[in-house]
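*Asks:*
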Amino acid sequence: MELSNNGILSPYFTDEDFIGGNFERAILLANEIIIAKNNGLINPKMNFFFDAKITDIINKKSYTVLDLWREAGLREIFVGLESGSKNQLKRYGKTATPDKNFQAIEVLKKLGIQIDTGYILFDPEMNFSELLENIEYIKKINLSHMDARSIKKMRAHPFTKLTENYFNNSIIIGKLNLDLLYYPIQFKDEKVISAMNYFENWEKKYSEQVFDLQAMCRGEVGDENLRIKLKKQLSEIRQIDFELLNYYVKYLQCNSLASDLYDIEKNYEFKKKQILDNLTFS
């Protein structure tokens, strides 16, 4: 109620244990919000964005709980998919599987809840086969059509089990970057490195504008219809990025890049710039 009284419309709860297996508590809280809205104690336009574990979403009780939360104003859920490769998920220390992740996405789609995802495509121990596996998985779940940024690489942050493993396996190659708070790491597979480098060089051309658009999609907006429009435009940019990455990977698979690479990149750049130059703000 205090948030509502201060004009906040779109709070974001970042704890993935927001439900935490306690479905009774989640039902109680959603009902309290619905009652408060009906009694005028909370702005009826207030909507919510929270994190949730895959196990909570695919639980047999989740559909009823999430549907009730949708009535209370739930707009969007963040889920940490992380990868479409079983081996990669094991390296990340995740108990979920690509199939369970897919189930969670399908549940949220059926409920009409917007989806934000965590996905770490490149990790230093990845081989090219795992990259191909991820490309196919991204296609399968239509991840490239969502507005989340799924094409990114692992960062070795201090005091994590993963970073400890990287130290033990000589993957850390330098001191902690005190500005960015992660260690430099070396990747093993040459084709993975090439795909990652090609994409990073491509992505940085409009990174600031895309980041600003992403921030607008996640922040406070006067009209939720505007958020939907902005997210649609951002998802179009993600699709362009994925199509070009898919192109890089396809030709690396054949051990060469086409001679028309420059023209292809320019074509995608034109499409991306058109979207950014014609953003809808109303």
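Each residue of the sequence shown is one higher than the one before, starting from 18 at the first, in this note's numbering.
Every residue, glycine too, gets a C-beta built ideally from N, C-alpha and C.
Quick caveat: nothing in here was measured; it's all calculated off a predicted structure.
Apply the 10 Å Cβ neighbour rule to Ala-232 and answer buried if 16 or more other Cβ atoms are within range, or exposed otherwise.
*Replies:* Exposed, because fewer than 16 other Cβ atoms sit within 10 Å of the Cβ of Ala-232.
*Asks:* Residues in the same chain with beta-carbon distance under 8 Å from Phe-216, minus the five sequence neighbours each way, listed in chain order, please.
*Replies:* So the qualifying residues of the chain are Ile-168, Asp-258, Leu-261, Leu-262, Tyr-265.
*Asks:* Tell me which same chain residues have a C-beta within less than 7 Å of the C-beta of Ile-152, skipping the five on either side of it?
*Replies:* Counting only Cβ-Cβ distances below 7 Å, and skipping sequence neighbours, we find Asn-263, Val-266.
*Asks:* Leaving out the 5 sequence neighbours to the left and right, which residues in its chain are closer than 6 Å to Pro-201 when beta-carbon positions are compared?
*Replies:* Cβ within range, chain order: Ile-190, Gly-191.
*Asks:* Evaluate contact between the segment 79–96 and the segment 44–59, counting only Cβ atoms and requiring at least three cross-stretch pairs below 8 Å.
*Replies:* Judged by Cβ distances under 8 Å, the segment 79–96 makes contact with the segment 44–59, as three or more pairs qualify.
*Asks:* Suppose the cutoff is 8 Å on Cβ atoms and the five residues either side in sequence are ignored; what does the same chain contact list for Gly-37 look like?
*Replies:* The answer, listed in chain order, is Lys-70, Asp-73.
*Asks:* Over the uninterrupted beta strand (DSSP E) stretch that includes Val-96, give me the two end residues.
*Replies:* Looking at the DSSP string, the run of the beta strand (DSSP E) that includes Val-96 is 91–99.
*Asks:* Beta strand (DSSP E) containing Thr-134: first to last residue?
*Replies:* Counting along the chain, the beta strand (DSSP E) containing Thr-134 begins and ends at 131–136.
*Asks:* Would you mind working out which of Leu-296, Trp-219, Val-96 sits nearest Asn-284, comparing C-alpha positions?
*Replies:* That would be Trp-219, whose Cα lies nearest to the Cα of Asn-284.
*Asks:* Taking DSSP as the reference, what is the three-state secondary structure of Asp-280?
*Replies:* Helix at Asp-280.
*Asks:* Beta-carbon within less than 7 Å of Lys-31's beta-carbon, same chain only, minus the 5 sequence neighbours each way: which residues are those?
*Replies:* Per the sequence shown, the amino acid found at residue 31 is Thr instead of Lys. Around Thr-31: Asp-68.
*Asks:* Which residue wins for smallest C-alpha separation from Asn-295, given the options Leu-251, Tyr-268, Tyr-80?
*Replies:* Checked all of Leu-251, Tyr-268, Tyr-80; the closest Cα to Asn-295 is Leu-251.
*Asks:* Return the residue from the list Ala-212, Arg-172, Lys-178 that minimises the CA-CA distance to Leu-198.
*Replies:* Closest option to Leu-198, Cα to Cα, is Arg-172.
*Asks:* By Cβ distance below 6 Å, which residues in the same chain neighbour Ala-89 in space, the five residues on each side in sequence not counted?
*Replies:* Excluding residues within five positions, the ones whose Cβ falls inside 6 Å are Ala-47, Ile-50, Ile-51.
*Asks:* Expressed to the nearest angstrom, what Euclidean distance is found between the alpha-carbon atoms of Ile-25 and Leu-91?
*Replies:* Answer to the nearest angstrom: the Cα atoms are 15 Å apart.
*Asks:* Grab me the residues of Leu-58's own chain with a C-beta within less than 7 Å of its C-beta, minus the 5 sequence neighbours each way, in chain order.
*Replies:* Excluding residues within five positions, the ones whose Cβ falls inside 7 Å are Met-18.
*Asks:* Between Phe-139 and Lys-78, which are expected to be in contact by the criterion C-beta below 8 Å, what is the C-beta distance as a whole number of angstroms?
*Replies:* About 36 Å; that fails the 8 Å criterion.
*Asks:* Kindly indicate the opening and closing residues of the beta strand (DSSP E) around Asp-258.
*Replies:* No beta strand (DSSP E) contains Asp-258, which is instead part of the alpha helix (DSSP H) from 241–270.
*Asks:* Could you say which of Phe-184, Asp-229, Leu-247 lies nearest to His-174 if we only look at CA atoms?
*Replies:* For the residues Phe-184, Asp-229, Leu-247, the minimum Cα distance to His-174 belongs to Phe-184.
*Asks:* Since Val-209 and Phe-119 should fall inside the 8 Å C-beta cutoff, what is the C-beta to C-beta distance between them, to a whole number of angstroms?
*Replies:* No, Val-209 and Phe-119 are not in contact; Cβ-Cβ is about 24 Å, not under 8 Å.
*Asks:* When we look at the beta-carbon of Leu-195 and count the other beta-carbons within 10 Å, is it buried (16 or more) or exposed?
*Replies:* Classification for Leu-195: exposed.
*Asks:* Below 8 Å between beta carbons: does that hold for Ser-102 and Glu-147?
*Replies:* Contact: yes.
*Asks:* Spatial neighbours of Ser-27 within its chain, please: CB distance less than 6 Å, with the 5 preceding and 5 following residues excluded, ordered by chain position.
*Replies:* Hits under 6 Å: Asn-64, Glu-237.
*Asks:* Confirm, please, whether the CB-CB distance from Gln-226 to Pro-141 is below 8 Å.
*Replies:* No, Cβ-Cβ distance for Pro-141 and Gln-226 is not below 8 Å.
*Asks:* With Asp-116 as the anchor, note down where its alpha helix (DSSP H) starts and where it stops.
*Replies:* Taken as a continuous stretch (DSSP letters only), the alpha helix (DSSP H) holding Asp-116 covers 115–128.
*Asks:* Give the DSSP-derived three-state secondary structure of Ile-158 in the structure shown.
*Replies:* Coil, per DSSP.
*Asks:* Does Asp-68 come out as helix, strand or coil in the three-state DSSP assignment?
*Replies:* The answer is strand: DSSP assigns Asp-68 an E or B state.
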